[in-house]
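Here the structure comes first, spelled out in structure tokens, and everything after it is commentary.
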Amino acid sequence: MDMEIVWQNRELLWEGLKYSFKLFAVVIVLATVTGVIFGVGALYGNRLIKIVLRTYVDIVRGMPLLVTIFLIFYGLPAYGANLSPFQSIALALTIFSAAHMSEIVRGSVSSIPRGQEDAAKSIGLTFWQRVGSIILPQAVPVMMGPWTNLAVDMFKATSLATLVSQADFLFSINKRAAAKGHYLEFYFAAVIVYFVICFTISRLGAWASRRMQVGMAS
Amino acid sequence: MISEWMSHPLFMYQLRWEYVFDRKDLFIDGLVLALWMSFVGLAIGSAIGLVCAFARSSGNRILHIIVTAYVEFIRNIPLLLLLFIFYFGLPQAWPRGSAERDFILRVLPTPERTFVVALSFYAGAYLTEIFSSGILSVSKRYLEAGKSLGLTRMQLARHVTAPIMFRTVLPSLSNTFISLFKDTGIAFFIGVRELSFAANKINTDFFRPIEGWVSAGVLYLLTAWLIALVLRFLEGRIKWSV
């Protein structure tokens, strides 16, 4: 294997990697925020909100992610939506990961003892105070583990942009590999890059999770 | 007024489901193939996972390192990249006409076969983790009881650890099957005629993205739900009978 050929193409690959990073950054922020909102809605909302969120989460989690991507990417423009390809994929990935995030929030809040909520009520805190300063802060350390897994999955899922011919990292790897006829070298480089990034994300997540557990009553 | 309304983009795309119904065979065959590929993936993956999990718990350091490297490698790259490695990369690894290349082409003659092999490798890593935690969940007492009866290590694994472990990992096996079923969706990219292939064909041939992908989505959803239902039922029965 001659890795020189990969190095010669580094600029084009870097463009692809930047696209993947950008997609990942947008999706993880949007999905975390909307996921927390959906999770709180699924826990404390009225019946209608609960049913709507339950349906959304079950539908999105029951289908492969690429169905969501293709529906958003080709389906929304058919109804006149004016989204750029990047926005379409970001939207699809957000819809998917927000559903997962909402389940993570629901699960970790359920693991907080009921007494916390009762105690907060008994000292007269309002609903938003209870959720915002008693329940969620205690749920965050529990969330960290699954959230890190979700982040790793999301970074891997950015590669699905290749399916709709968007120039993410995997797409540029494939394109260059085909152009130069050196598949193995480029795939080897791709494995290394994906591995380093995903491994870093999960290490950082584990580190943050350990830091947060310090001082927590278990 | 009305005509102005009707020219709104919301009314411009008229759903025409006959495009899907006229080609329902494509969808049904695709669904069957997707189920079959995920089943084979689960079966081969379980074999890989079992071997790797027992190898890792054997106490041999080299085996431990090899298995951990395999698991971490698979878990940290996208399935799509793994598929590309098997489909585009492997046949390129050796020069045209060499014995190794002929061997690869004989083992992986079709996109279907290539995808199933890639999926099995992928599943193997996740199943190694599942079986490993299953092995850990077997109480030391059983192993000590087995040892005191004079069982060899192979006998212990086969008659003590495996049956107890099997019951704890059963729900995870069902979940893996369902997620493998959903993972088969990317296979259309290399030309495997599974469910997403049908949806994509409706899109590219007739510019009917919504009908095709909604149909595929509903089929994925219903099938995954049905599988879950059946497997939960079977799990309940197996748990009682052992």
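First to last, the protein sequences are chains A and B.
All letters in the first sequence, in the order written, are residues 1452 to 1669 by this note's numbering.
All letters in the second sequence, in the order written, are residues -6 to 235 by this note's numbering.
All residues carry an ideal CB built from backbone N, CA and C; glycine is no exception.
Using 8 Å as the threshold, is the C-beta distance between THR1545 of chain A and ALA1618 of chain A below it? In the first sequence, counting from the first residue as 1, residue 1545 of chain A sits at position 94. In the first sequence, counting from the first residue as 1, residue 1618 of chain A sits at position 167. No; because the gap between Cβ atoms is not below 8 Å, this pair is not in contact.
Measure the C-alpha to C-alpha separation of ILE1540 of chain A and LEU75 of chain B and round it to an integer number of angstroms. Against the first sequence, residue 1540 of chain A aligns to sequence position 89. Against the second sequence, residue 75 of chain B aligns to sequence position 82. So the alpha carbons of these two residues sit roughly 22 Å apart.
For the pair the region 1549 to 1559 of chain A and the region 1597 to 1608 of chain A, tell me if three or more CB-CB distances fall below 8 Å. yes
Between the C-alpha atoms of GLU105 of chain B and VAL185 of chain B, what's the straight-line distance to the nearest angstrom? Counted from its first residue, the second sequence places residue 105 of chain B at position 112. Counted from its first residue, the second sequence places residue 185 of chain B at position 192. So the alpha carbons of these two residues sit roughly 6 Å apart.
Chain B beta carbons: is any one of them nearer than 8 Å to that of MET1514 of chain A? Here residue 1514 of chain A refers to the residue found at position 63 when the first sequence is read from its first residue. It does: the Cβ of MET1514 of chain A has a partner Cβ on chain B nearer than 8 Å.
What's the C-alpha gap between GLU1462 of chain A and LYS1631 of chain A? As a position in the first sequence, residue 1462 of chain A is number 11, starting the count at 1. As a position in the first sequence, residue 1631 of chain A is number 180, starting the count at 1. C-alpha separation (whole angstroms): 15 Å.
Interface flag, ALA209 of chain B vs chain A, CB-CB below 8 Å: Numbered from its first residue, the second sequence carries residue 209 of chain B at position 216. Chain A contact via Cβ: present.
Step through the CB atoms of chain A and report whether any lies within less than 8 Å of the CB of TRP10 of chain B. Position 17 of the second sequence, counted from the start, is the residue given in the question as residue 10 of chain B. By this cut-off, TRP10 of chain B is not an interface position.
Do THR121 of chain B and CYS45 of chain B have their C-beta atoms within less than 8 Å of each other? Stepping through the second sequence from its first residue, residue 121 of chain B is reached at position 128. Stepping through the second sequence from its first residue, residue 45 of chain B is reached at position 52. Yes, the pair counts as a contact, with Cβ atoms nearer than the cut-off.
Starting from PRO1597 of chain A and walking both ways along the alpha helix (DSSP H), at which residues does that stretch end? Along the first sequence, read from residue 1 onward, the residue named residue 1597 of chain A stands at position 146. Looking at the DSSP string, the run of the alpha helix (DSSP H) that includes PRO1597 of chain A is 1587 to 1608.
Please list, in chain order, all residues of the same chain as ALA86 of chain B whose beta carbon is under 8 Å from its beta carbon, the five residues on each side excluded. Taking the first residue of the second sequence as position 1, residue 86 of chain B is located at position 93. The residues are GLU93, ARG94, ILE97.
Straight-line Cα distance separating GLY1496 of chain A from ILE1479 of chain A: The residue you call residue 1479 of chain A lines up with position 28 of the first sequence. The residue you call residue 1496 of chain A lines up with position 45 of the first sequence. When rounded, the distance between both Cα atoms is 24 Å.
Distance CB(PHE190 of chain B)-CB(PHE181 of chain B) smaller than 8 Å: Against the second sequence, residue 190 of chain B aligns to sequence position 197. Against the second sequence, residue 181 of chain B aligns to sequence position 188. Yes. Within cutoff.
Using the C-alpha atoms, what's the distance from SER141 of chain B back to PHE174 of chain B? To locate residue 174 of chain B, count along the second sequence from 1; it is residue 181. To locate residue 141 of chain B, count along the second sequence from 1; it is residue 148. C-alpha separation (whole angstroms): 43 Å.
Contact list for THR1613 of chain A against chain B, beta-carbon separation under 7 Å: Walking along the first sequence from the start, residue 1613 of chain A turns up at place 162. Under the 7 Å cutoff, chain B gives LEU73.
Against chain A: residues of the region 113 to 137 of chain B by CB proximity under 8 Å: none
What ranges does the alpha helix (DSSP H) occupy inside the region 1453 to 1536 of chain A, keeping only unbroken runs of at least 4 residues that lie completely in it? 1455 to 1459, 1461 to 1495, 1498 to 1513, 1516 to 1521
Helix, strand or coil for HIS57 of chain B per DSSP? As a first step, residue 57 of chain B is located in the second sequence; it is residue number 64 there, counting from the start. In the structure shown, HIS57 of chain B sits in a helix (DSSP, three-state: H, G or I).
Nearest to VAL223 of chain B by alpha carbon, out of B:ASP176, B:VAL207, B:GLU204, B:PHE170? The sequence position of residue 223 of chain B within the second sequence is 230, counting from 1. Closest option to VAL223 of chain B, Cα to Cα, is B:PHE170.
Beta strand (DSSP E) runs contained entirely in the region 1629 to 1664 of chain A, provided each spans 3 or more residues: none
Which term fits GLU187 of chain B, buried or exposed, when burial requires 16 or more other beta carbons within 10 angstroms of its beta carbon? Position 194 of the second sequence, counting from 1, holds the residue named residue 187 of chain B. Buried, since its Cβ has 16 or more Cβ neighbours within 10 Å.
Looking only at C-alpha atoms, which of B:ALA150, B:GLU65, B:LEU149 sits nearest to SER118 of chain B? Along the second sequence, one-based indexing puts residue 118 of chain B at 125. The amino acid at residue 118 of chain B is misidentified as Ser; the sequence shows Ala. Comparing Cα positions, the closest option is B:GLU65.
Compile a chain-ordered list of the residues in the region 81 to 98 of chain B whose CB is closer than 7 Å to at least one CB of chain A. PHE81, GLY82, GLN85, ALA86
Return the CA-CA distance between ARG1661 of chain A and VAL1647 of chain A, expressed in angstroms with no decimal places. Against the first sequence, residue 1661 of chain A aligns to sequence position 210. Against the first sequence, residue 1647 of chain A aligns to sequence position 196. Distance between the alpha carbons of ARG1661 of chain A and VAL1647 of chain A is about 21 Å.
Which residues in chain B have a C-beta closer than 7 Å to the C-beta of GLY1526 of chain A? List them in chain order. The sequence position of residue 1526 of chain A within the first sequence is 75, counting from 1. PRO202, ILE203, TRP206, listed in chain order.
If the criterion is Cβ atoms closer than 8 Å, does the pair TYR213 of chain B and VAL1518 of chain A meet it? Working through the second sequence from its first residue, we reach residue 213 of chain B at position 220. Working through the first sequence from its first residue, we reach residue 1518 of chain A at position 67. It is a contact, given that the beta carbons lie within the stated cut-off.
Put THR107 of chain B into one of helix, strand or coil per three-state DSSP. Taking the first residue of the second sequence as position 1, residue 107 of chain B is located at position 114. In the structure shown, THR107 of chain B sits in a helix (DSSP, three-state: H, G or I).
With DSSP as the reference, label VAL235 of chain B as helix, strand or coil. Numbered from 1 along the second sequence, position 242 holds the residue referred to as residue 235 of chain B. A caution first: VAL235 of chain B carries a pLDDT of 49, below 50, which makes its placement in the model unreliable, though a value can still be read off. DSSP places VAL235 of chain B in coil when its eight states are reduced to three.
Going by beta carbon distance, what residues of the same chain come within less than 7 Å of MET1663 of chain A, once the five residues before and after it are set aside? The residue you call residue 1663 of chain A lines up with position 212 of the first sequence. Contacts found: VAL1591, PRO1592, MET1595.
Quick check: ILE183 of chain B and PHE108 of chain B, are their CB atoms within less than 8 Å of each other? For the purposes of this step, residue 183 of chain B is identified with residue 190 of the second sequence, where counting begins at 1. For the purposes of this step, residue 108 of chain B is identified with residue 115 of the second sequence, where counting begins at 1. In this structure, PHE108 of chain B lies closer than 8 Å to ILE183 of chain B by Cβ.
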